[in-house]
């Protein structure tokens, strides 16, 4: 199955209150690698197994949250086609020149009906995963902390969930893998999990009264043992844990949630399932929501549901 | 032993007959949590989410970085802080506001 169109989440720009504390968190504790800085004071990071130059950009600011999330697309033709499709759909776009983010080509930026800024791009410089492409070792020996493999997805909160799902599925070619329905006859959708490739989710969206809120930025681990090791790092360095280690019913992820030094929630997780385009969509209902979100104790957690940046 | 544990600053909560002790270098939110009232909104504990906002009316304290989306400069000058970013330097008198109020003002 060749992957076309929108390929994957490529980067996220996160606002941080204290850059020094944030670098300790994201580099020394989580294991991201610093790959550049720019004159705006932004710091560029990536997970060790990512080949592109960066996947996380930290920007110094006086309030936390997400500036934007970027998706890599397969070609200039796709970029132009999606830009036109967004405009025809009634979603204005804005071209950001190459180099505005270092090592990144031209980006097409737009605001979704939930208020978040997204962007599409084709080109980003390759820095490699440090192992080489000829007879590579399968692991790096110089990693710190949780040793996260790569940036995986974001969960975002905002108001017009229905509009955002429509935009992602009908214009950008995402598929909805799972959804949460509540209310009379389960007629109101409150959550959507969307993929552009073969993962259970590349982005997740939840209905919330305010626009443009960040619930979490997620990073991939490869085993439950690695999730428990991440929890050990959190204990050792007193990183505030939100919940976990536990498992989700939705997407099946084994997970732990915690907060960065600015209050932005992070996730490290492993496991899920492979999504093929002919997979059936999964529906969760209000009566089983506890287990859908936290499968082990089946209890909803107010902080997990309501604390956002 | 008990008297040793009680050393620190006494934090009085306005409007209700409640007080608690913060040990030196301990954050205000950590002391409030020891009150043991159900529903004390412990959010991100990093100055970002704003759920633990209080108003300090008397006393000295130090603050760390707090989100301007939740505590403006004017508010900060007027004594509004996020309890997770407030380190008492003396006894304090505080008023609980926002989401925290529901928990502290409820009976145990």
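Residue numbers (the numbering used here), protein chains in the order written: chain A, 704 to 1012; chain B, 155 to 262.
Heads up, the beta-carbon is just placed ideally off N, CA and C, and yes, glycines get one too.
All values derive from a computational prediction rather than experimental measurement.
Query, Result
"Going by beta carbon distance, what residues of the same chain come within less than 6 angstroms of residue 901 (chain A), once the five residues before and after it are set aside?", "977 and 978"
"Whole angstroms is fine: what's the gap from residue 804 (chain A)'s alpha carbon to residue 771 (chain A)'s?", "12 angstroms"
"For residue 906 (chain A), count the other beta carbons within 10 Å of its own beta carbon; 16 or more makes it buried, fewer makes it exposed. Which is it?", "buried"
"Candidates A:865, A:931, A:995 and A:1000: which alpha carbon is nearest residue 972 (chain A)'s?", "A:931"
"Using three-state DSSP, classify residue 795 (chain A) as helix, strand or coil.", "coil"
"Could you name the residues of chain A that residue 219 (chain B) contacts, counting a contact when the two beta carbons are closer than 7 angstroms?", "720 and 721"
"Report yes or no: is there a C-beta of chain B within less than 7 angstroms of the C-beta of residue 936 (chain A)?", "no"
"Any chance you could list the beta strand (DSSP E) runs of at least 3 consecutive residues sitting entirely within the stretch 896-929 of chain A, in chain order?", "906-910 and 916-923"
"Keeping to the same chain, check which residues put their C-beta closer than 6 angstroms to that of residue 261 (chain B); ignore five residues upstream and five downstream.", "At residue 261 (chain B) the pLDDT is 49, less than 50, meaning the model places this residue with poor confidence and gives no usable figure here."
"Based on Cα-Cα distance, which residue from A:762, A:1006, A:857 and A:863 lies nearest to residue 773 (chain A)?", "A:857"
"What's the C-alpha gap between residue 187 (chain B) and residue 223 (chain B)?", "24 angstroms"
"Could you spell out where the beta strand (DSSP E) holding residue 812 (chain A) opens and where it closes?", "810-814"
"Going along chain A, which residues have a C-beta under 9 angstroms from residue 205 (chain B)?", "1006, 1009 and 1010"
"Starting from residue 943 (chain A), find everything on chain B with Cβ-Cβ shorter than 8 angstroms and list it in chain order.", "198, 199 and 200"
"May I ask you to report which of helix, strand or coil DSSP gives residue 163 (chain B)?", "strand"
"Would residue 789 (chain A) and residue 757 (chain A) qualify as a contact pair, given that the criterion is a beta-carbon distance under 7 angstroms?", "no"
"Let me see if you follow: with CB-CB separation under 7 angstroms, is residue 232 (chain B) close to chain A or not?", "no"
"Three-state secondary structure (DSSP) at residue 262 (chain B)?", "Its pLDDT being 40, under 50, residue 262 (chain B) is placed unreliably by the model, and nothing is read from it."
"Using only alpha-carbon positions, find the residue among A:1010, A:1009, A:991 and A:1011 that is nearest to residue 695 (chain A).", "As displayed, chain A neither begins before 704 nor continues past 1012, which places residue 695 (chain A) out of reach and without an answer."
"At a cut of 8 angstroms, does the stretch 862-869 of chain A reach the stretch 921-937 of chain A through at least three beta carbon pairs?", "no"
"Just how far apart, CA to CA, sit residue 155 (chain B) and residue 221 (chain B)?", "For residue 155 (chain B), the predicted structure reports a pLDDT of 46, less than 50, and the residue's modelled location is therefore unreliable. A value from the coordinates is still provided. Rounded to the nearest angstrom, the two C-alpha atoms are 38 angstroms apart."
"Mind checking the stretch 951-964 of chain A against chain B and listing, in chain order, the residues whose C-beta falls within less than 9 angstroms of any C-beta there?", "962, 963 and 964"
"Is the CB of residue 237 (chain B) under 7 angstroms away from at least one CB in chain A?", "no"
"Less than 8 angstroms between the CB atoms is what I'm expecting for residue 970 (chain A) and residue 904 (chain A), so what's the real figure, rounded?", "Going by Cβ atoms, the distance from residue 970 (chain A) to residue 904 (chain A) rounds to 11 angstroms, so no, they are not a contact pair."
"Identify each residue in the stretch 750-781 of chain A for which the Cβ-Cβ distance to at least one residue of chain E is less than 9 angstroms, and report them in chain order.", "In the structure shown, chain E cannot be found, because the protein chains are A and B."
"Any Cβ of chain B within less than 7 angstroms of the Cβ of residue 966 (chain A)?", "yes"
"Could you give the distance in angstroms between the alpha-carbon of residue 726 (chain A) and the alpha-carbon of residue 950 (chain A)?", "28 angstroms"
"Between residue 218 (chain B) and residue 962 (chain A), what straight-line distance do the alpha-carbon atoms span, to the nearest angstrom?", "16 angstroms"
"Is the beta carbon of residue 899 (chain A) closer than 7 angstroms to that of residue 922 (chain A)?", "no"
"Could you tell me whether any Cβ in chain A is nearer than 7 angstroms to the Cβ of residue 222 (chain B)?", "yes"
"For residue 733 (chain A), which of A:724, A:808, A:739 and A:886 has the nearest alpha-carbon?", "A:724"
"So who's on the other strand from residue 869 (chain A), going by DSSP bridges?", "In DSSP, residue 869 (chain A) forms no bridge with anything."
"Can you check DSSP and say which residues form a bridge with residue 772 (chain A)?", "A:715 and A:821"
"Where does the unbroken alpha helix (DSSP H) through residue 228 (chain B) begin, and where does it stop?", "227-231"
"Nearest by alpha-carbon distance to residue 946 (chain A): which of A:1012, A:806, A:996 and A:764 is it?", "A:996"
"Taking residue 187 (chain B) as part of the alpha helix (DSSP H), name the residues at either end of that continuous run.", "182-188"
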